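These notes are about the structure you will find just below.
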Amino acid sequence: MTLHFPFDNTYARLPDSFYARVEPTSVTAPRLIRLNRDLALQLRLDPDLLSSPDGVELLSGNWVPDTAEPIAMAYAGHQFGQFVPQLGDGRAILLGEVVDRDGVRRDIQLKGSGPTPFSRRGDGRAALGPVLREYLLSEAMAALGLPTTRALAAVLTGETVVRETLLPGAVLTRVASGHIRVGTFQFFAARQDVKGLRLLADYVIGRHYPQAAESDRPYRELLDQVIAAQADLIARWLHLGFIHGVMNTDNMSIAGETIDYGPCAFMDAYDPATVFSSIDQNGRYAYGNQPRIGLWNLTRLAEALLPLLSQDEEKAVAEANEALEAFSGKFEAAYHEGLRRKLGLLTEREGDSTLAGDLLKAMAENQADFTLTFRRLSDAAAGPEADTAVRNLFINPLAYDAWATRWRERLGHEPHDGASRQAAMRAVNPAYIPRNHRVEIVIQAAVERDDFAPFEELLMVLSKPYEDQPSFAHYAAPPEPSERVYQTFCGT
Ligand code: AMP
Ligand code: MG
């Protein structure tokens, strides 16, 4: 093989208890669906080689370069509130790490590459639909500017996987700044393996939060940093109407990236109680519950870290509580700051949160489309001529009119002119999100007709979410009642 892969694997140098060494299982007829060429270049990999037959062998798990050290990572986690002491990568294999153009170390992982010692009853495989779904949603998230894992490639395996029906199998190559989860800490804490816990914490500090090493309380600083990263991430999800769908502690990244795109979705009409995931019966992971669940998960992280926070248990608990108490303030600050920017308020005044909250309330009562309301509001910020397009999104348009009067009055206190305000708002209020019904159309075409043109087109539109793309304006539209998607499913 001519393909040189500059892997440099730090996680595989940690002790055996951190992972299981396992080779991907080969597949019969790999076929490249898509290679993310820009991301390949960012990773200092050659896109032409990666899309060559040798490259596709690598991306399907059929060939493992000798610089790779394939492992399935061990972790535990709370799933819907229930603690499971051992989960681990059941259908993912970390090939290794590369250092990208910006000097950032990135994991390269195959998802759907065959069973591992952590597969339990699963087959270690992934179906085409969930692979395309993760590709689209994670790349959309990146284009929207949020921290997220990325998709480097998707390949068909030429094999079928058994779900409710037989489906085409696929492998996703996922790139992350790290795959360590809250559940990874829980794995060691549950085993009372303080040595392992400390090694993991030191590894995370070295890789993700190097400034914590300078602190006289490095583990407390680590906890503070993870809490800050998650508070910010979840606030940004809310600004985009994103619902993760399975915020189990094993699906929460220590590096603060959005990870594990399963039944996640962007909502259409605004309603904080929105749930899409078929397995989330009680709405534990509903849109509006995400900050609360974020804190719940971080509390599990703090518990796992207790032995490192202080040798004195009482002191450790006090440290943990102090760190956790900061979450709400950090979240609220990020959330309200983002909302102000969505409304074109670049300065801060008393009453801003109420103004934003009242708009959201009117949107919820009038089933206004979340993304379109803010996008069109950006144009209304330049002048009231554009109000019609916004008010039409409300069942009762008068609800908007009443609010808009207050908004305009508030805008009068801003130092900016209409045009610059409009530009600033358009830069934070996307026109295009991966709407569920569009994602479903793409998946159906691929699974039923082997047609990937809709996937390519949607991906292209989503790569410039803040730009008007007149020939693709229909991608911005909410679903017709007949197109509405009510449920999404896990990738398993
Ligand atoms: P998730 O809810 O997708 O984050 O997965 C939870 C756990 O189930 C993780 O340990 C996964 O590795 C495992 N898992 C999910 N799907 C499969 C599968 N098809 N085969 C084996 N393990 C799986
Ligand atoms: Mg997971």
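Throughout the sequence shown, residue numbering follows the numbering used here, covering 64 to 555 in sequence. Ideal placement from N, C-alpha and C gives every residue a C-beta, glycine not left out. Values in this document were obtained by computation on a predicted structure and should not be read as measured data.
Would you say residue i touches the ligand MG, meaning its beta carbon is less than 7 Å from a heavy atom?
{"i": "asparagine 352", "result": "no"}
{"i": "asparagine 314", "result": "yes"}
{"i": "aspartate 323", "result": "yes"}
Would you say the beta carbon of residue i comes nearer than 7 Å to a heavy atom of the ligand AMP?
{"i": "aspartate 170", "result": "no"}
{"i": "valine 234", "result": "no"}
{"i": "aspartate 111", "result": "no"}
{"i": "leucine 192", "result": "It is glycine, not leucine, that sits at residue 192 in the sequence shown. Result no, Cβ not under 7 Å from the ligand AMP."}
{"i": "arginine 574", "result": "The structure shown does not extend to residue 574, since the chain is modelled only from 64 through 555, so no value can be given for it."}
{"i": "phenylalanine 60", "result": "Residue 60 lies beyond the residue range present for the chain, which begins at 64 and ends at 555; the question has no answer from this structure."}
{"i": "phenylalanine 339", "result": "no"}
{"i": "phenylalanine 515", "result": "no"}
{"i": "leucine 250", "result": "Correcting the residue type first, residue 250 is phenylalanine in the shown sequence and not leucine. For the ligand AMP, not one heavy atom lies less than 7 Å from the Cβ of phenylalanine 250."}
{"i": "serine 182", "result": "yes"}
{"i": "arginine 188", "result": "yes"}
{"i": "valine 309", "result": "yes"}
{"i": "cysteine 327", "result": "no"}
Report the option in the options whose CA atom is closest to the CA atom of residue i.
{"i": "proline 93", "options": "Asn72, Val85, Leu106, Pro116", "result": "Pro116"}
{"i": "proline 210", "options": "Leu230, Ala233, Glu222, Ser240", "result": "Ser240"}
{"i": "leucine 95", "options": "Ser114, Met330, Pro110, Val85", "result": "Ser114"}
{"i": "alanine 170", "options": "Ser340, Ala318, Pro273", "result": "First, the amino acid is wrong: residue 170 is aspartate here, not alanine. That would be Ala318, whose Cα lies nearest to the Cα of aspartate 170."}
{"i": "asparagine 311", "options": "Pro478, Val257, Gln430, Val245", "result": "Val245"}
{"i": "leucine 387", "options": "His67, Arg184, Gln293", "result": "Gln293"}
{"i": "glutamate 543", "options": "Arg498, Ser534, Lys527", "result": "Arg498"}
{"i": "aspartate 186", "options": "Glu222, Leu195, Ile504", "result": "Glu222"}
{"i": "asparagine 99", "options": "Thr91, Val90, Asp109", "result": "Asp109"}
{"i": "valine 161", "options": "Glu277, Ala252, Thr130", "result": "Thr130"}
{"i": "histidine 399", "options": "Thr212, Gly269, Trp300", "result": "Trp300"}
{"i": "phenylalanine 578", "options": "Pro133, Tyr549, Asp287", "result": "Coverage of the chain is limited to positions 64 through 555, which leaves residue 578 absent and any answer about it impossible."}
{"i": "alanine 103", "options": "His476, Thr236, Ser176, Ile297", "result": "Thr236"}
{"i": "serine 182", "options": "Asn352, Asp163, Ala217, Tyr138", "result": "Tyr138"}
{"i": "proline 178", "options": "Leu199, Ser201, Ala487, Gly153", "result": "Gly153"}
{"i": "glutamate 503", "options": "Pro478, Ala291, Thr551", "result": "Thr551"}
{"i": "threonine 73", "options": "Ser89, Met136, Thr88, Asp101", "result": "Met136"}
Return helix, strand or coil for residue i, following the three-state DSSP convention.
{"i": "arginine 347", "result": "coil"}
{"i": "tyrosine 529", "result": "coil"}
{"i": "alanine 233", "result": "strand"}
{"i": "valine 238", "result": "strand"}
{"i": "histidine 141", "result": "strand"}
{"i": "serine 483", "result": "helix"}
{"i": "phenylalanine 394", "result": "helix"}
{"i": "arginine 299", "result": "helix"}
{"i": "phenylalanine 146", "result": "strand"}
{"i": "valine 4", "result": "This structure does not reach residue 4, given that the chain is present from 64 up to 555, and the question cannot be answered."}
{"i": "alanine 264", "result": "helix"}
{"i": "alanine 206", "result": "helix"}
{"i": "serine 316", "result": "strand"}
From the DSSP output, which residues share a beta bridge with residue i?
{"i": "isoleucine 243", "result": "In the DSSP output, where bridge partners are listed per residue, isoleucine 243 has none listed."}
{"i": "glutamate 160", "result": "Asp170"}
{"i": "aspartate 432", "result": "Ala332"}
{"i": "methionine 136", "result": "Tyr82"}
{"i": "valine 289", "result": "Its beta-bridge partners do not exist; DSSP assigns none."}
{"i": "isoleucine 306", "result": "Ala328"}
{"i": "leucine 98", "result": "Ala216"}
{"i": "serine 340", "result": "Thr551"}
{"i": "threonine 451", "result": "Threonine 451 pairs with nothing; no bridge assigned."}
Within its chain, find whatever has a CB closer than 6 Å to the CB of residue i; leave out the 5 residues flanking it on each side and keep chain order.
{"i": "asparagine 492", "result": "Lys405, Phe437, Arg438, Ser441"}
{"i": "valine 224", "result": "Arg188, Ala190, Leu230, Gly232"}
Short of 7 Å in beta carbon distance, which residues of its chain neighbour residue i, apart from the five on each side in sequence? Order them along the chain.
{"i": "valine 267", "result": "Ile243, Leu285, Ile317"}
{"i": "aspartate 464", "result": "Arg454"}
{"i": "aspartate 514", "result": "Ala508"}
{"i": "phenylalanine 68", "result": "Pro128, Thr130, Ala131"}
{"i": "arginine 283", "result": "Leu372, Glu382, Ala386"}
{"i": "isoleucine 458", "result": "Asn429, Gln430"}
{"i": "arginine 164", "result": "Gln105, Arg107"}
I'd like the list of long-range same chain contacts for residue i, defined as Cβ closer than 8 Å, with 5 residues on each side in sequence excluded.
{"i": "leucine 474", "result": "Gly407, Leu408, Ala444, Arg484"}
{"i": "aspartate 432", "result": "Asp331, Ala332, Tyr333, Leu456, Pro541"}
{"i": "isoleucine 322", "result": "Thr211, Thr212, Ala239, His242, Arg244, Asn314, Met315, Ser316"}
Indicate, with yes or no, if the ligand COA has a heavy atom lying under 7 Å from the CB of residue i.
{"i": "glycine 151", "result": "With respect to small molecules bound, the structure shown includes the ligand AMP and the ligand MG and not the ligand COA."}
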